[in-house]
Amino acid sequence: MSDPVTRRDFLETTGMAFAGATVLGAGMSGCASAGGDRAAAAAVAANRRLIGSNDTINVALIGCGGMGRFNLTFFLDDGKCNAVAVCDLDEERLDLACEVVEQRGGQRPARYKNYREVLDRQDVDAVIIATPDHWHAIPVLEAIAAGKDVYCEKPASHNIREGRLMIDAACKYKAVVQVGTQQRSAQHMQDARDFIRSGQLGEISMTETYTYGNDAPDGMGHAPDEPAPAGIDYDMWLGPAPARPFNPRRFHHNWRWYFDYAAGMVGDWNVHLQDITMWTLRTPHAKAVSTSGGKFVLTDDRDTPDTMLATYEFDSGPYTPNGYVHIYTMRKASGPPWHAGGYGMVFYGSKGKLHLDRNGWEVIGDAIDWRDPDAGRLVPNAKHGGERHHERHVLNFLECMRTRQTPIASIEDHHNIVTACHLANVSLRAGRKVFWDHQKELCFKDEELRIPDPKANQYLARDYRTGYELPKV
Ligand SMILES: NC(=O)c1ccc[n+]([C@@H]2O[C@H](COP(=O)([O-])OP(=O)(O)OC[C@H]3O[C@@H](n4cnc5c(N)ncnc54)[C@H](O)[C@@H]3O)[C@@H](O)[C@H]2O)c1
Numbered sequence: 003m004s005d006p007v008t009r010r011d012f013l014e015t016t017g018m019a020f021a022g023a024t025v026l027g028a029g030m031s032g033c034a035s036a037g038g039d040r041a042a043a044a045a046v047a048a049n050r051r052l053i054g055s056n057d058t059i060n061v062a063l064i065g066c067g068g069m070g071r072f073n074l075t076f077f078l079d080d081g082k083c084n085a086v087a088v089c090d091l092d093e094e095r096l097d098l099a100c101e102v103v104e105q106r107g108g109q110r111p112a113r114y115k116n117y118r119e120v121l122d123r124q125d126v127d128a129v130i131i132a133t134p135d136h137w138h139a140i141p142v143l144e145a146i147a148a149g150k151d152v153y154c155e156k157p158a159s160h161n162i163r164e165g166r167l168m169i170d171a172a173c174k175y176k177a178v179v180q181v182g183t184q185q186r187s188a189q190h191m192q193d194a195r196d197f198i199r200s201g202q203l204g205e206i207s208m209t210e211t212y213t214y215g216n217d218a219p220d221g222m223g224h225a226p227d228e229p230a231p232a233g234i235d236y237d238m239w240l241g242p243a244p245a246r247p248f249n250p251r252r253f254h255h256n257w258r259w260y261f262d263y264a265a266g267m268v269g270d271w272n273v274h275l276q277d278i279t280m281w282t283l284r285t286p287h288a289k290a291v292s293t294s295g296g297k298f299v300l301t302d303d304r305d306t307p308d309t310m311l312a313t314y315e316f317d318s319g320p321y322t323p324n325g326y327v328h329i330y331t332m333r334k335a336s337g338p339p340w341h342a343g344g345y346g347m348v349f350y351g352s353k354g355k356l357h358l359d360r361n362g363w364e365v366i367g368d369a370i371d372w373r374d375p376d377a378g379r380l381v382p383n384a385k386h387g388g389e390r391h392h393e394r395h396v397l398n399f400l401e402c403m404r405t406r407q408t409p410i411a412s413i414e415d416h417h418n419i420v421t422a423c424h425l426a427n428v429s430l431r432a433g434r435k436v437f438w439d440h441q442k443e444l445c446f447k448d449e450e451l452r453i454p455d456p457k458a459n460q461y462l463a464r465d466y467r468t469g470y471e472l473p474k475v
């Protein structure tokens, strides 16, 4: 690692104090709403270590489950990162994370059970946050305020209010925040995006995302409450969520099926898919969402739906001048139909349809004139294989840490997409179609946005358990 030249040193010696400040934060609408001590935030940003192209970056992992450890491998395999600290409230998970580092020739990292001790370390440049969804916002906000850059797993927020605060913080402290929607970094996803934007699919009137699987009849099953296992700080695991006895069906991995901790399938998986459809069409905000669904078949303990059909309406965008409709279909209790796999995305255009997943994309042209035998194929079954998208996503984050550019899956972009996902649940739980005012970030009962919808708006934020409140930004 080179001498710890801070950003302030660099800016002062090069006279770039103001020029540098325009890279991150410029154009982010969130900054306008950030309050608090701006001078203190500017000082934190200015004191951030400047990382040169050959400097080693010190990272810490917070949340050492399957995804956290998987992410860590990409940071270490690049050869330009040290894992100086790992943090989890489960001793066994800490052991596993240390093994990941040591297997790659790294020194055994320092182990922590409380992430705040990680954030106190001056030598940590970036944190990877791969805790359950209800435990993203608080450490992200505190990490940003401590001058760290952040790679946060998706969905970044447990609710819409949290996402807005993360944008404000990133903007105010000029932090690089990359969200783990790594599909954006796949070359073939970018090729498909460019194909659609080029107009070759014609005018897009509809997009579709779907996730299908069959966990019937009893899904993850049942388990009685029991004492929390030794070696685990269960109260910390609950964090901002309501206090309740330990139950293994709500703990590691399974938390994603409970609204106390997550958003169910629409936040877990559809966020990856709708990320690509909304990003491709550059339509950051849905104007209305209507969701049907429920827990119709599965008998396990989850409280998120096993079946969902969310219909979105979008206003015009650069590639959809008259607006379009998006549908998300989710089944956890009936598998893929004869014509589809377990997940995917479809763009429906006036010249044909493009199907896209992590393995590739293909286009089937529409027969404009059904009497023409050659008219049915636009790009006949053009398959393009997937590649190292996860690694590229991490490398993009590390590069942005060096250049202070906005990463490919910025928190602001992500907030808009995940808001659409959260709104599917808001509509389902409110039991009606909701109209979304993206500037006020509130739901209304009418298209003219005159009558607020309190039943829907109660789901835009959560109550935080005492001692685990959101930090002020
Ligand atoms: N990008 C992707 O493709 C992808 C894939 C899977 C999961 N994820 C996301 O990654 C995150 C983690 O998912 P997972 O499947 O690894 O979950 P997991 O439950 O297996 O692991 C989460 C870990 O975080 C720890 N933890 C909880 N609260 C903590 C706290 N306050 N401080 C420190 N550690 C804490 C838990 O003990 C656990 O070890 C989730 O947000 C999930 O949505 C992303």
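Position 369, counted from 1, in the sequence shown is what my numbering calls 371; the numbers after and before it change by one each time, with no gaps.
Even glycine gets a Cβ: it sits at the ideal position worked out from N, Cα and C.
Small disclaimer: the values here were computed from a predicted structure and weren't measured.
Work out the CA separation of residue j and residue i for me, nearest whole Å.
| i | j | result |
| --- | --- | --- |
| proline 338 | aspartate 302 | 21 angstroms |
| aspartate 465 | aspartate 237 | 16 angstroms |
| glycine 241 | tyrosine 470 | 6 angstroms |
| aspartate 448 | leucine 74 | 46 angstroms |
| glutamate 228 | proline 320 | 54 angstroms |
| leucine 121 | aspartate 151 | 11 angstroms |
| arginine 431 | alanine 264 | 14 angstroms |
| glutamate 144 | tryptophan 340 | 47 angstroms |
| aspartate 127 | valine 365 | 43 angstroms |
| asparagine 161 | arginine 251 | 22 angstroms |
| asparagine 256 | glutamine 202 | 42 angstroms |
| glutamate 443 | arginine 163 | 8 angstroms |
| isoleucine 59 | isoleucine 413 | 21 angstroms |
| proline 134 | histidine 224 | 20 angstroms |
| serine 55 | serine 294 | 50 angstroms |
| proline 141 | tryptophan 281 | 27 angstroms |
| proline 226 | glycine 351 | 50 angstroms |
| threonine 468 | alanine 342 | 46 angstroms |
| histidine 254 | phenylalanine 248 | 11 angstroms |
| phenylalanine 316 | tyrosine 345 | 22 angstroms |
| leucine 356 | threonine 183 | 21 angstroms |
| alanine 172 | alanine 335 | 39 angstroms |
| threonine 279 | arginine 199 | 11 angstroms |
| aspartate 455 | arginine 434 | 10 angstroms |
| glycine 221 | leucine 300 | 6 angstroms |
| valine 181 | aspartate 57 | 23 angstroms |
| aspartate 196 | valine 46 | 38 angstroms |
| leucine 283 | aspartate 368 | 20 angstroms |
Classify residue i as helix, strand or coil using the three-state DSSP reduction.
| i | result |
| --- | --- |
| valine 475 | coil |
| tyrosine 466 | coil |
| asparagine 216 | strand |
| tyrosine 321 | coil |
| glutamate 205 | coil |
| serine 200 | coil |
| alanine 112 | strand |
| arginine 123 | coil |
| asparagine 161 | coil |
| tyrosine 461 | coil |
| arginine 404 | helix |
Would you list the residues sitting across from residue i in a DSSP beta bridge?
| i | result |
| --- | --- |
| aspartate 185 | For clarity, residue 185 is glutamine in the given sequence; the question names aspartate instead. Beta-bridge pairing links glutamine 185 to no other residue. |
| valine 152 | Val129, Val179 |
| glutamate 315 | Ala290, Val327 |
| cysteine 445 | Trp438 |
| histidine 357 | Val348, Glu364 |
| proline 454 | Phe446 |
| aspartate 92 | Ile234 |
| methionine 332 | Thr213, Met310 |
| serine 412 | Gln180 |
Please name the residue in the options whose C-alpha comes closest to that of residue i.
| i | options | result |
| --- | --- | --- |
| tryptophan 137 | Ile169, Leu91, Gln180 | Leu91 |
| arginine 452 | Asp439, Val126, Ala458 | Asp439 |
| arginine 106 | Gly351, Ala128, Tyr175, Ala85 | Ala85 |
| tyrosine 153 | Leu397, Ala463, His424, Pro456 | Leu397 |
| isoleucine 131 | Arg390, Arg113, Ala158, Met403 | Ala158 |
| alanine 426 | Lys289, Arg51, Leu98 | Lys289 |
| tyrosine 117 | Gln124, Asp80, Glu164, Gly65 | Gly65 |
| threonine 421 | Pro286, Glu393, Ile53 | Pro286 |
| methionine 310 | Cys423, Leu462, Ser352, Val348 | Cys423 |
| glutamate 94 | Phe399, Lys82, Tyr114, Asp220 | Tyr114 |
| alanine 87 | Val129, Gly68, Phe76, Ala48 | Val129 |
| valine 436 | His416, Val179, Asp415, Ala458 | Ala458 |
| alanine 177 | Ala245, Leu400, Trp259, Asp217 | Leu400 |
| methionine 403 | Met347, Asn324, Gly70, Gly149 | Gly149 |
| glutamate 210 | Cys445, Tyr326, Pro409, Ala99 | Tyr326 |
For ligand 2, is there any heavy atom lying closer than 6 angstroms to the beta carbon of residue i?
| i | result |
| --- | --- |
| histidine 424 | Questions concerning ligand 2 fall outside what the structure shown contains, since the ligands it does hold are ligand 1. |
Exercise for review: Only counting runs of 4 or more residues, tell me where the alpha helix (DSSP H) segments fall wholly within the segment 54-90, in order along the chain.
Suggested key: 68-79
**Study point:** Entirely enclosed beta strand (DSSP E) segments - the segment 226-311, minimum 3 residues
**Key:** 288-296
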